[in-house]
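Structure, as structure tokens:
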Ligand SMILES: *Cc1c(COP(=O)(O)O)cnc(C)c1O
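In my numbering, the protein residues as written are 814 to 1246.
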């Protein structure tokens, strides 16, 4: 199967190129040239398949022409090494816990699959592939863990000194092996500038294969379809879910729509926004106008120009009313978000992180008009990742810290100091073996 740019259907590339380049040169985003559907044979048995088997069948629909079955199965099995439990918090009100991976956020699904697929594509290359990532905190951790120990690839993470949380810094700087952290004497923008300059530099490109691991890569989107399928079959037969998706760059929501195009029965999609509610206002009829992001407690959703909006438009062929027919948007205030964390803990003895709490509020609004709905809120991060907010709302020490986070405190940081200077960064890269 070939992949085409959302800006130009004539720009067609094979999967390997779409994965290793991430972005088409025309600044669009890659989508499959035709959307696959799973056949009746799959839908006859899907409820009884394992999570890994569902993942494999979905991956095969998109990538099966380009990756042999045994390799694809191994990639899926290795990427899906943790579960996604569906919890019925109250009657017909479900939460899908997507935070049981290595960095306790749903981005582990996409990042782990991408890492293994990239490794497979470069397995016969003589030279090691170097992945450059600039991070303001969370992405770097997910990408670092995803690539840790993956053969034939090394990762260089650039992070701004003193501007990521202590916990985040430990996630970036304690893995070792094929992961190297550079502590840049500058801002996140400086880190991003250095990465872009390196990717565009012909001299470096001739010397070493370089790529980036950003979140619009098509190979991060497809594995996010797996858990939509997996969770829908855990509902009682005959009930189609309303998926409530805490949204930022809209990758997760796009994956849900692809699941529906594969043939999954979905009642409706609810896009849950915080104050950064570009999609909600677009669905309400306003023009799409990117604006600077505003800080909220659900910081991973503070996005002023959602990168996957172009994919949404392409899926609905630029037809806003068609999009409204499948997606409803709600924007949720900071006060309502924090109140929902307190209320759900008190009433249902269940802890929501700030992102899932935005989803909970949006689900509640949907249920007011559709009381019979079975809502599945996608819980995108573990509450222990946001101790400041949870302690403030629930009182100190109420959230149990998983071992994976707790043990970071004892680990020793290993980072290389780097000036925010292209020449210094390039000189360091050139010295890599
Ligand atoms: C990235 C992220 C989101 C937003 O997901 P998109 O796919 O960008 O819409 C929501 N919650 C958490 C915890 C995240 O890390």
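A virtual CB, placed ideally from N, CA and C, is assigned to each residue, including glycine.
Predicted model only: the values in this text are computed from it and were never measured.
For a test of your reading of the model: does the CB of residue i fall under 7 Å from any non-hydrogen atom of ligand 1? Yes or no.
i	result
residue 1224	no
residue 1060	yes
residue 927	no
residue 868	no
residue 1065	yes
residue 1114	yes
residue 1043	no
residue 993	no
residue 921	no
residue 1153	no
residue 1147	no
residue 951	yes
residue 777	Nothing can be reported for residue 777: it is not among the residues displayed for the chain, which extend from 814 to 1246.
residue 813	No information on residue 813 is available, as it lies outside the stretch 814 to 1246 that the chain covers here.
residue 1232	no
residue 918	yes
Where DSSP assigns a beta bridge to residue i, which residues make up the other side?
i	result
residue 910	1192
residue 1025	945
residue 821	818
residue 967	943
residue 1082	1056, 1140
residue 992	968
residue 901	907
residue 891	Answer is none; residue 891 lacks a bridge partner.
residue 973	997
residue 918	1194
residue 881	DSSP output for residue 881 lists no bridge partner at all.
residue 843	818
One question on the structure: do residue i and residue j come within less than 8 Å of each other, judged by their Cβ atoms?
i	j	result
residue 982	residue 1198	no
residue 938	residue 1022	yes
residue 1059	residue 1168	yes
residue 1171	residue 1111	yes
residue 869	residue 889	yes
residue 1048	residue 1004	no
residue 1188	residue 1055	yes
residue 969	residue 960	no
Taking DSSP as the reference, what is the three-state secondary structure of residue i?
i	result
residue 1142	strand
residue 1239	helix
residue 827	strand
residue 1015	helix
residue 1003	helix
residue 1090	coil
residue 1232	strand
residue 1246	coil
residue 1069	helix
Quick one: is residue i near chain B, going by C-beta distance under 8 Å?
i	result
residue 918	Of the protein chains in the structure, only one exists, and it is not chain B.
At 3 residues or longer, and completely inside the segment 1164-1230: list those beta strand (DSSP E) runs for me, N to C.
-> 1188-1192
Which full runs of the alpha helix (DSSP H) of 4+ residues lie inside the segment 1097-1131, going along the chain?
-> 1122-1128
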